[in-house]
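In what follows, a single structure is set out as C-alpha cells and then discussed.
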Amino acid sequence: MTSSFHDQMIAILPRLRVQALSLTRNRAAADDLVQDAVCNALAAQHSFTPGTNFSAWMHRILRNRFISDLRKKRETGNIEDVPASAMAGSGAHEERLMVKELAEAMNRLPADQREALVLVVMQGMSYDELAAATNCAVGTAKSRVFRARRQLATWLYGEERDISTVELRGAVQRLRSRTQARVATAAASA
132 MTSSFHDQMI AILPRLRVQA LSLTRNRAAA DDLVQDAVCN ALAAQHSFTP GTNFSAWMHR
192 ILRNRFISDL RKKRETGNIE DVPASAMAGS GAHEERLMVK ELAEAMNRLP ADQREALVLV
252 VMQGMSYDEL AAATNCAVGT AKSRVFRARR QLATWLYGEE RDISTVELRG AVQRLRSRTQ
312 ARVATAAASA
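The numbering of the sequence shown is this note's numbering, which starts it at 132 and goes up by one.
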C-alpha cells in the first residue's frame, strides 16, 4: 500500500464522518459506516487509479455501503428510530433551539437533497465532485442542492425567497434573532 493512498485516506476521514452523519443521523452508526467504508476501500485499493479523484471515490464507497446496509436492515429495523438529540449542540438555550429547528428542517429533507446540501455547503465539495460521488449528472446534483436550499428557506422563513441570496449561515443568524425575540416576548408576558 502506498503512503500516498494512506495519506489521502487519513485526510478524508473527517469529511467521510460528516457525510456519514448526514446519511445516518446517528453518531455511532456514522462511525461504523466510516469504518466499514474504509475497510471496503482498503480491500479495493487496487481498483483506485492514482491521479483520479480520491475524494469522490471514497464518498461513493461510503454511500454504496450505506445503501447496502439499508437494504440488509430493511426487514429488521426502522431507519427513522433516530433520537432528535443526535443533532443537539451545546451552548446557550437559544442556540440549542436554533440548532434543533435547523436539524429538524434538515431531517425533513429527502435523503438525496440532504446529502447533496451537506457535501456542497458544509464540506465545500464542487458540483462535479458531488455528481461523481453520488453517481448522478451535474445538473441533477445542482438541482438537489437548489431544492434543498429553497425548501429550508421556506421552512425556516415561512415564505419563498430568492434562494441565491439565502445562505445557511444567514439562516442561522435569522433563527437566532427569531429565538431571541420569542424569549423576550415570553419574558415580557410572564
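Glycine residues also receive a C-beta, built at the ideal position from the N, C-alpha and C atoms.
With the rule of 3 Cβ pairs closer than 8 Å, the stretch 171-179 does not count as touching the stretch 261-278.
Taking C-beta atoms as the reference points, R156 and Q254 fail to come closer than 7 Å.
In the assembly as shown, A272 is a buried residue. Its beta-carbon has 16 or more other beta-carbons within 10 Å.
Taking each of H137, D138, A160 in turn and checking the Cα distance to R148, the smallest one comes out for A160. Inside the stretch 255-295, DSSP marks whole alpha helix (DSSP H) runs of 4 or more residues at positions 258-265, 269-288, from first to last along the chain.
Setting aside the 5 residues that flank it on each side, Y258 is surrounded in the same chain by V251, V269, A272, K273, V276, each with a C-beta closer than 8 Å to its C-beta; the list follows chain order.
When the five nearest sequence neighbours on each side are left out, the beta carbons in the same chain lying within less than 6 Å of the beta carbon of I192 are those of A168, N171, A172, in order along the chain.
The C-beta separation of R245 from M256 comes to about 14 Å, leaving the pair out of contact by the 8 Å criterion. A distance of 7 Å or more separates the beta carbons of A284 and L248. The C-alpha of S153 lies about 11 Å from the C-alpha of R194. Residue range 185-204 is occupied by the alpha helix (DSSP H) that includes F197.
For L250, there is no enclosing alpha helix (DSSP H), as DSSP marks it with neither H nor E. When secondary structure is reduced to three states using DSSP, N171 falls in the helix class.
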